[in-house]
Each structure stands twice: as structure tokens, then as C-alpha cells.
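Everything on this sheet refers to the single structure shown next.
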Amino acid sequence: MTSSSPGRADATDTLTGGPRRGRVRFRSDRTGPRGRGGAPLPLLLPALIGLAFLVLPLVALLIRAPWRSMPDLLTSSEVWEALRLSLVCATAATAVSLVIGVPLAWLLARVEFPGRGLVRALVTLPLVLPPVVGGVALLMALGRNGVVGRWLDDWFGLTLPFTTAGVVVAEAFVAMPFLVISVEGTLRAADPRYEEAATTLGASRFTAFRRVTLPLIAPGIAAGAVLAWARALGEFGATITFAGNFPGRTQTMPLAVYLALQNDPEAAIALSLVLLAVSIAVLAGLRDRWMTAS
Amino acid sequence: MTRSVRRTRRMMKVTGAGAAALLGLSACSPSGSESATDSGSASGGLSGQVTVFAAASLKESFTKLGKVFEKEHPGTEVTLSFGGSDALAAGITGGAPADVFASASPRTMKVVTDAGAASGTPVTFVRNRLEIATLPGNPGKIASLKDLTDSGLKVVLCDRTVPCGAAAQKALDASGLKLTPVSYEEDVKSALNKVVLKEADAAVVYRTDVQAAGDKVAGVEFPESADAVNDYPITVLKESQNAGAAKAFVSLVRSAEGRQVLAESGFLKP
Numbered sequence: 001m002t003s004s005s006p007g008r009a010d011a012t013d014t015l016t017g018g019p020r021r022g023r024v025r026f027r028s029d030r031t032g033p034r035g036r037g038g039a040p041l042p043l044l045l046p047a048l049i050g051l052a053f054l055v056l057p058l059v060a061l062l063i064r065a066p067w068r069s070m071p072d073l074l075t076s077s078e079v080w081e082a083l084r085l086s087l088v089c090a091t092a093a094t095a096v097s098l099v100i101g102v103p104l105a106w107l108l109a110r111v112e113f114p115g116r117g118l119v120r121a122l123v124t125l126p127l128v129l130p131p132v133v134g135g136v137a138l139l140m141a142l143g144r145n146g147v148v149g150r151w152l153d154d155w156f157g158l159t160l161p162f163t164t165a166g167v168v169v170a171e172a173f174v175a176m177p178f179l180v181i182s183v184e185g186t187l188r189a190a191d192p193r194y195e196e197a198a199t200t201l202g203a204s205r206f207t208a209f210r211r212v213t214l215p216l217i218a219p220g221i222a223a224g225a226v227l228a229w230a231r232a233l234g235e236f237g238a239t240i241t242f243a244g245n246f247p248g249r250t251q252t253m254p255l256a257v258y259l260a261l262q263n264d265p266e267a268a269i270a271l272s273l274v275l276l277a278v279s280i281a282v283l284a285g286l287r288d289r290w291m292t293a294s
Numbered sequence: 001m002t003r004s005v006r007r008t009r010r011m012m013k014v015t016g017a018g019a020a021a022l023l024g025l026s027a028c029s030p031s032g033s034e035s036a037t038d039s040g041s042a043s044g045g046l047s048g049q050v051t052v053f054a055a056a057s058l059k060e061s062f063t064k065l066g067k068v069f070e071k072e073h074p075g076t077e078v079t080l081s082f083g084g085s086d087a088l089a090a091g092i093t094g095g096a097p098a099d100v101f102a103s104a105s106p107r108t109m110k111v112v113t114d115a116g117a118a119s120g121t122p123v124t125f126v127r128n129r130l131e132i133a134t135l136p137g138n139p140g141k142i143a144s145l146k147d148l149t150d151s152g153l154k155v156v157l158c159d160r161t162v163p164c165g166a167a168a169q170k171a172l173d174a175s176g177l178k179l180t181p182v183s184y185e186e187d188v189k190s191a192l193n194k195v196v197l198k199e200a201d202a203a204v205v206y207r208t209d210v211q212a213a214g215d216k217v218a219g220v221e222f223p224e225s226a227d228a229v230n231d232y233p234i235t236v237l238k239e240s241q242n243a244g245a246a247k248a249f250v251s252l253v254r255s256a257e258g259r260q261v262l263a264e265s266g267f268l269k270p
């Protein structure tokens, strides 16, 4: 569909009916001003300043990178250990978020219950909470002496602090709200009549969710998962507070960067670059495919 | 908040100016005469702000000394900034407006002197020794550094990149012990807090931290700590806008009175 065919868009609109209407109209709205020419200067200038502000620190990292000693710094086993741990834990935290976050998002989007606004606020709280506070809160709840953690220790001999599982818990705590928000938004945009149709045709509500809703909101889930994964990869405060720092077990890349900065800034820059490269590769690789598809 | 406290304190000072001036004069003569001969003559006329960057472990004692200084030199105002020595040193070399720097390790002080930011040679004013912090009542019956190698214990150490971790490693090396902690913490306070929160059974921290934690932890001394004593250097900074007052503050820290305050926090004589 080309940008200069609002007529055809309307035609598609009437053909496919309700759910596509919003999307198509939105698109034709957007093509209007774009067709009339470039961005006005009062918008373009701040936009470019904004871009420079966000990109300049990253460029500075590249400029100040110790390229010559880079190979030595990056071949150390501790770096690879930290990177491997970061990738494994961020992926595990994303998996945890998917398993419990998507149902939570569905609950928030589709079920009316008293206090839903409050629940939604609580769910998004980790987004604005300082990560260190999140770590302390996790210690109070799941630590060896915590409200729930005490029983885990007594009954199963399970303690989460200082373990890789603790890293996953800390990362999931901070990253899951991104997924929930993203999925809830997609669910609200998706038309519930498809599910209703499925249930009137004899499907159970869970089957309808699995066979109709889930495929419908898949791009939203994917976008949320990418966001959560990226957030988990960069998590620092909650991890070091809740899970501690031990190479190979709980020392993820952000922790390695922070501690390297104490006495070897060059190594810290090198490690930062690795984390940056991995993040950019994943975000760039997935963004075009998923984020704009929703 | 601290500023408003200071302001009320200053107002109280104005109302009781006569008494304060008398107190100041009588108190400053012994400390002024010790080493700061050049500032001694001007000590009556000291005024203005003194900004002191000090290692986090000096918080209790330097807060006390700051009050003593303001009392001894009416018209001065001591602003204290506490933090990790590395971060403070980075701030100073980056141009932070400080008059005095007190560091928890010679290595971080060297960052400042290498950058040419110190005025004169830094002097060691206290030393700090390591101690084992364990749960109140010492349920693990820890009596020595060797007891920490027991696999049933959760021990945390400071990371080797920070001074307390380097010192702990030195003590362990000196005694030929191999200790695998559950975590290498990013600074001494977070190592201590893991014990305070009962998440870890023991931590190797400074004597002063054990003392500051009060009855939330139990302290166990160990002889190997003598092999890893931390020196604390202090210096006036080159960029100081108030060098006279800065020198006077350093001499207060090094005076008998200053030493007494520091000893109360658990620091050792240099």
C-alpha cells in the first residue's frame, strides 16, 4: 500500500471491518504532513540536540576506548564469564517475565476487578523505583531472613541471595513491568470480539486465549520481551544489592564494569563497549522486525 | 537539611557570641601551636567555608571534628562530603571545589598527588585495622580468620578493587589461607550490611565499621589483621580558596583532640 492512496486504505477498511479501522486511519493521518515536506525548524533543531545528547556519550566511549589494549582486556576469562552470565540471566529473567507477566497483563486488560488501577500502579512501580531500593525490598522479602525467604530456607534449604537464581529474580523484578505494560497496551488495542466469537463457537476461554488472543498480540509480546531483556541485561543496582558479586555466579557485566572502574578505568571502558555492542546488536536486530509491527 | 541546621547553629552562635569567642580562643591555642605555625598567627581571623572531602569510614569522627572546628573558629563553616575514596579522588582531579582531602588509602591519595592537585605532601593521620564482623552473639563461634574457611559459613569480602578488599586479601595471603566468599561486595559498608541483614554469617571489614554498627554485629579480632593495616592520608588541596582554614582543619585532625575523637571511633594511631 503506497502512502498516496488514502482511498484504497478506506476501501481496505470497509472490507476488513472494525479492528483494522484505527490502524489504517492512523496511517493515512501520518502520511499527510510527511508528504508536504521536511520537518519545521523549531522541531528539527531540538530533535537534533536531543539526538546528540543521547548519542554523544556513547560516541565518547568509542573515542576514549583503549583500542590497543582491547584484545588483552577482552580475552580474559572473567570478561567472558560475566558476559555469558549476563546473557543467560537476562534471557532467563525474560522467560520468567513471559510466563507470569503475560497472564498478569491479560488480567489487567481484560478482567474488571475492584482496585485494578491500584494493582496497575503497583505493577509499574519497579519502573520508577531506584534499583537499589528494589534490591533491598527483595532482600526483605526473599532474603535468608526475609518475610518469605525465611520459610524457603527452613523448609527447602533454599536461599536466593548470592546465587545465580537470585540474579534472575532481581532482573525479572526490574524488567517484568516493561513486558506487562507493553502486552497490556497491545491487548487493549486488540479487539475482544475475536475472543468472544471463538467462545461462542465452543472454545473455552483458555483455548480462545491460546489460539486467538496470543497470536493476535504476538508482536506486542515480542516487543515487550525485547524491552524486558534489554533492561535485564543492563540491571545493576538490584542485582548487586540482592545477589551480591561473585565471578561466574552472580557477577554480570554491569557489576564487572562498576568494579573495574574502581582501579582500572580502561578495562571498564572496554567492558562497557562489549555490553553496548551486544545491546545495540539485539535492539537493532529486533526493533525493525517487532516494535514497528505492533 | 544540613545547611539549615548549620544556619540555626550559626544563629545560636551569634546570640552567644561572647561565650563562643572565649571558648574558641581558649580551645584553639593548644591545637594551633602544635604544627600549624603559619596558620596559628591567623587562627583568630579564620573565616569562611572549608570543604572537606573524606572517606566514608571517617563519617562519624569527621562530623564531630567539623563541629569542634566551627566552635573553635567562629565565622568558619565546615562542609563535609563523604564517599568512596576513589569517587572523591576522581571528583577532585575533575575539578570539584574542595579544600581538604582525607583518603582511606595511599593509592587513592596518589591519584590526587599524581594529578598535582595536592598542596605539600600528604601525611598519614590514622590507621585502620580489619576485624571480622559476625552475627550478634557469634552463633558460628568464629574465633579466627581460619574459622571463616568453614564451608558451612556464608562469608562476604570486599572486592579486591576497593581498599578493604585489598587489605583482606593481604591478610589471607599472609596467613596462607584460601577463602571462597559468597560475594565480593562493592564497598565496606555493603559487606557489613549483608551481616547486619543476616544474609551473610560473617564479613571482613574495618574495626571502625564494626564499632559504628553497634550491637547489630559482633566483632572478632584476628592477629593477621596486623599484616594489612590501612593508612589514611590527609592533605590540603592546591585549588583551595581558603588555605589558612584548610591547614587549621588538618592540624585539628592531627592534634591530641582530633586523635582522641578518631580513637573513639576505633581508629589506630599512625
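From first to last, the protein sequence lines stand for chains D and G.
Its first residue numbered 1, the first sequence is counted upward by one per residue in the UniProt record's numbering.
Its first residue numbered 1, the second sequence is counted upward by one per residue in the UniProt record's numbering.
Beta carbons: idealized from backbone N, C-alpha and C, even for Gly.
Here the structure is a predicted model, which is why all the values come from computation and not from measurement.
Secondary structure of residue 108 of chain G (DSSP, three-state): helix. No Cβ-Cβ contact shorter than 8 Å links residue 256 of chain G with residue 133 of chain G. Against chain D, a Cβ distance below 8 Å from residue 209 of chain G picks out nothing, because the smallest value is about 18 Å. Of the candidates D:149, D:155, D:172, the residue whose Cα lies closest to the Cα of residue 161 of chain D is D:149. Residue 259 of chain G: member of the alpha helix (DSSP H) spanning 256–264, first to last residue.
Where residue 79 of chain G is concerned, the enclosing beta strand (DSSP E) starts and stops at 76–83. Below the 7 Å Cβ cutoff, chain G contributes 199 as neighbours of residue 161 of chain D, in chain order. Interface flag for residue 240 of chain D against chain G is set, since a Cβ pair is found closer than 8 Å.
The stretch 111–120 of chain D makes no contact with the stretch 186–203 of chain D; the number of CB pairs closer than 8 Å stays below 3. Looking at the backbone, the Cα of residue 169 of chain G and that of residue 99 of chain G are separated by about 33 Å.
Residue 246 of chain D belongs to the set of residues whose beta carbon lies under 8 Å from a beta carbon in chain G.
Within 9 Å of the CB of residue 144 of chain D, the CB atoms of chain G belong to 154, 197, 198, 199, 200, in sequence order along the chain. The beta carbons of residue 65 of chain G and residue 244 of chain G sit no closer together than 8 Å. Contact with chain D is found for residue 184 of chain G, since one of that chain's Cβ atoms lies less than 8 Å from the residue's Cβ. Along the stretch 147–179 of chain G, going in chain order, the ones with a CB nearer than 8 Å to a CB of chain D are 154, 156, 159, 161, 162. Annotated as distal: residue 51 of chain D and residue 276 of chain D, with beta-carbon spacing of 8 Å or more. Per the DSSP secondary-structure output, residue 51 of chain G pairs in a beta bridge with G:79.
Residue 249 of chain D: not part of any alpha helix (DSSP H); DSSP gives it neither H nor E.
The stretch 192–212 of chain G makes contact with the stretch 122–133 of chain G: 3 or more CB pairs, one atom from each, lie closer than 8 Å. In the DSSP assignment, residue 129 of chain G falls outside any beta strand (DSSP E) and carries neither an H nor an E. Considering only G:265, G:120, G:107, G:240, the residue with the shortest C-alpha distance to residue 96 of chain G is G:240. Shown here, residue 81 of chain D sits in a helix according to DSSP, grouped into three states. When CB distances to chain G are screened at a threshold of 8 Å, the residues of the stretch 123–156 of chain D falling below it are 139, 143, 144, 145, in chain order.
Taking CB atoms only, residue 186 of chain D has no neighbour in chain G less than 8 Å away. Residue contact with chain G for residue 213 of chain D: absent (no Cβ-Cβ distance below 8 Å to any residue of chain G).
The C-beta separation of residue 182 of chain G from residue 210 of chain G comes to about 20 Å, leaving the pair out of contact by the 8 Å criterion.
Interface criterion met: the Cβ of residue 86 of chain G is under 8 Å from a Cβ in chain D. Between residue 148 of chain G and the set G:178, G:59, G:159, G:55, the nearest pair of CA atoms involves G:178. Annotation: the stretch 64–116 of chain D contains the following complete segments of the alpha helix (DSSP H) (minimum length 4 residues), in chain order: 70–74, 77–110.
In this structure, residue 139 of chain D sits away from residue 226 of chain D, with a CB-CB distance that is not shorter than 8 Å. Annotated as proximal: residue 153 of chain G and residue 140 of chain G, with beta-carbon spacing under 8 Å. Around residue 258 of chain D, the beta-carbon contacts reaching into chain G at under 9 Å are 186.
Secondary structure at residue 101 of chain G: strand, using DSSP grouped into helix, strand and coil.
Sorting D:279, D:281, D:271, D:108 by C-alpha distance to the C-alpha of residue 72 of chain D places D:271 at the top. Within a 10 Å sphere around the beta-carbon of residue 86 of chain D sit 16 or more other beta-carbons, which makes this residue buried. Ranked by Cα distance from residue 127 of chain G, the options G:198, G:248, G:57 are led by G:57.
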